[in-house]
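Using my numbering, you'd call the opening residue of the sequence shown number 7 and step up by one each time.
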Amino acid sequence: MPALSPFVSTRYQSLFTHLESTPLRHWLDRMPDQINQAFNDRRHGDWPAWEQVLEQLPALAADQVHLDADCIGVSGSHCDQAALKSLLLQLHPWRKGPYHIHGLQIDTEWRSDWKWQRLAPHIGSLKRQRILDVGCGNGFHLWCMLGAGAELAIGVDPTLLSVVQFLAIKHFMGNWPAYLLPLGVEDIPAGLRAFDTVFSMGVLYHRRSPLDHLLELRNLLKPDGQLVLETLVVDGSAGYSLLPPDRYARMRNVWFIPTCLTLEAWLSRCGFKRIRCVDRTPTRTTEQRSTEWMRFESLAACLDPDNPQQTVEKLPAPVRAIFLAESP
Ligand SMILES: C[S@@+](CC[C@H](N)C(=O)[O-])C[C@H]1O[C@@H](n2cnc3c(N)ncnc32)[C@H](O)[C@@H]1O
């Protein structure tokens, strides 16, 4: 195995040490190398600028770390907020959040706290759990999981800018057991069966083969582990799912959007038990919108201006459901 870069060992060595005494140690034979390689291979032209942002983040003492979904962040130091803001804005676009860093509010495209508030009453305690969040974006929900008592929260997301944003937030939060690996779900050793809870939120409709994704998730969970699945759904009967002919809400990579009944059947065919839909909420332009921290077009520009019940492609406007299930 090639030597770990200082960038990786500084940020991930504590994870490797933690995993040695857990069932996740079986991943350790390849994880360090995977992370090392991903930070080399997935770099693009902006990497030097992002790395510089991370290097320039000020060291600020954290009197209080906030892990409640309605306020994820840190407080206690006076800092030059304008300077911090212009530094962190170099990591634009900030999609998931919001974060509160020593008085600076990072007002992201999504109100990710609202998603957490919809699911939190249903998932039970996460105390002492090891958790995986597949496609976790910049890791907003990893902090919520720690706030709910998790012992370890690991996220995977192949988008390097999201990982850099996470590392910037973690710089201020301190040494908590939350880690975001720059990997895809397919990079996790199949059949690990080691996580107490696995989250997959906003990922299923991006997968060309949704049943394979559900099987992948099942095989990462320990027996009787909990799946938290959040995805787009459409109205309709059992068996139906929408396959957009081309784009959906301007997104290129949307494949299957099932009805709730269809998704229940998919989960059941994949062996999940105790399947239940605990929430179904239309996505509003108050929850996903352009802000100073995400200056590109957002949901409003993806809806039909004459009929916001449908997208610009004349397909049903986004509605998201949260399903819980247990692995066999
Ligand atoms: C719609 S976002 C959802 C983010 C977050 N889970 C949430 O609910 O707010 C989907 C995420 O999945 C990530 N993703 C795409 N392909 C993936 C893969 N193969 N494995 C893991 N994550 C992936 C994307 O980079 C993106 O951050």
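The beta carbon of each residue, even a glycine, is placed where N, CA and C say it ideally should be.
Give a single yes or no on whether residue i has its beta carbon closer than 6 Å to a heavy atom of ligand 1.
{"i": "Asp163", "result": "yes"}
{"i": "Met207", "result": "yes"}
{"i": "Gly153", "result": "no"}
{"i": "Ser142", "result": "Note that residue 142 corresponds to Cys in the displayed sequence, not to Ser. Because some heavy atom of ligand 1 lies under 6 Å away, the Cβ of Cys142 counts as near it: yes."}
{"i": "Ser118", "result": "yes"}
{"i": "Gly190", "result": "yes"}
{"i": "Lys2", "result": "No answer is possible for residue 2: it lies beyond the span of the chain, which begins at 7 and ends at 334."}
Spatial neighbours of residue i within its chain, please: CB distance less than 7 Å, with the 5 preceding and 5 following residues excluded, ordered by chain position.
{"i": "Thr317", "result": "Tyr254, Ala255, Cys308, Leu309, Asp310, Ala323"}
{"i": "Trp122", "result": "Ala75, His147, Cys150"}
{"i": "Gln87", "result": "Gly109, Leu110"}
{"i": "His128", "result": "Val284, Leu330"}
Figure out for me which residue from the options has the closest Cα to the Cα of residue i.
{"i": "His72", "options": "Pro99, Trp149, Gly155", "result": "Trp149"}
{"i": "Ala200", "options": "Leu34, Val14, Arg17", "result": "Leu34"}
{"i": "Leu138", "options": "Ala174, Glu298, Asn225", "result": "Asn225"}
{"i": "Gly145", "options": "Pro127, Ser118, Gln123, Leu132", "result": "Ser118"}
{"i": "Ala154", "options": "Leu210, Asp76, Gly180", "result": "Asp76"}
{"i": "Met179", "options": "Gln62, Ala67, Thr265", "result": "Ala67"}
{"i": "Asp141", "options": "Thr237, Val59, Gly245, Arg258", "result": "With the sequence shown as reference, residue 141 is identified as Gly, and Asp is not the correct amino acid for it. Ranking Thr237, Val59, Gly245, Arg258 by Cα distance to Gly141 puts Thr237 first."}
{"i": "Ser81", "options": "Phe45, Trp116, Met151, Ile175", "result": "Ile175"}
{"i": "Leu321", "options": "Val239, Leu330, Cys266", "result": "Val239"}
{"i": "Phe13", "options": "Arg31, Ala44, Ala126, Leu30", "result": "Ala44"}
{"i": "Ser92", "options": "Trp299, Val325, Pro314", "result": "Trp299"}
{"i": "Gly197", "options": "Leu227, Ser206, Leu189", "result": "Leu227"}
{"i": "Pro229", "options": "Thr203, Trp116, Gly103", "result": "Thr203"}
{"i": "Thr265", "options": "Pro314, Asn259, Leu210, Lys279", "result": "Leu210"}
{"i": "Leu235", "options": "Asp47, Arg124, Asn42", "result": "Arg124"}
{"i": "Phe172", "options": "Glu192, Ser243, Trp100, Asn46", "result": "Trp100"}
{"i": "Phe262", "options": "Arg136, Pro54, Arg213, Ile78", "result": "Arg213"}
{"i": "Lys102", "options": "Pro314, Val325, Asn313, Arg295", "result": "Arg295"}
Going by beta carbon distance, what residues of the same chain come within less than 6 Å of residue i, once the five residues before and after it are set aside?
{"i": "Thr291", "result": "Leu305, Ala306"}
{"i": "Trp56", "result": "Val170"}
{"i": "Gly190", "result": "Pro164"}
Within 10 Å of its beta-carbon, does residue i have 16 or more other beta-carbons around it, so buried, or fewer, so exposed?
{"i": "Thr114", "result": "buried"}
{"i": "Pro334", "result": "exposed"}
{"i": "Ala327", "result": "buried"}
{"i": "Leu186", "result": "buried"}
{"i": "Gly231", "result": "buried"}
{"i": "Asp335", "result": "Since the displayed the chain opens at 7 and closes at 334, residue 335 lies outside it and no answer follows."}
{"i": "Ala156", "result": "buried"}
{"i": "Arg49", "result": "exposed"}
{"i": "His84", "result": "exposed"}
{"i": "Leu249", "result": "exposed"}
{"i": "Ser168", "result": "buried"}
{"i": "Pro38", "result": "buried"}
{"i": "Tyr246", "result": "exposed"}
{"i": "Pro188", "result": "buried"}
{"i": "Ser206", "result": "buried"}
{"i": "Phe278", "result": "buried"}
{"i": "Arg136", "result": "buried"}
{"i": "Gly51", "result": "exposed"}
{"i": "Thr289", "result": "buried"}
Once the 5 residues before and after residue i are set aside, which same chain residues still bring their CB inside 8 Å of it?
{"i": "Leu217", "result": "Trp272, Arg275, Cys276"}
{"i": "Gly130", "result": "Gln232"}
{"i": "Leu152", "result": "Leu73, Ala159, Trp182, Pro183, Ala184"}
{"i": "His177", "result": "Leu60, Leu63"}
{"i": "Phe22", "result": "Leu34, Met37, Pro38"}
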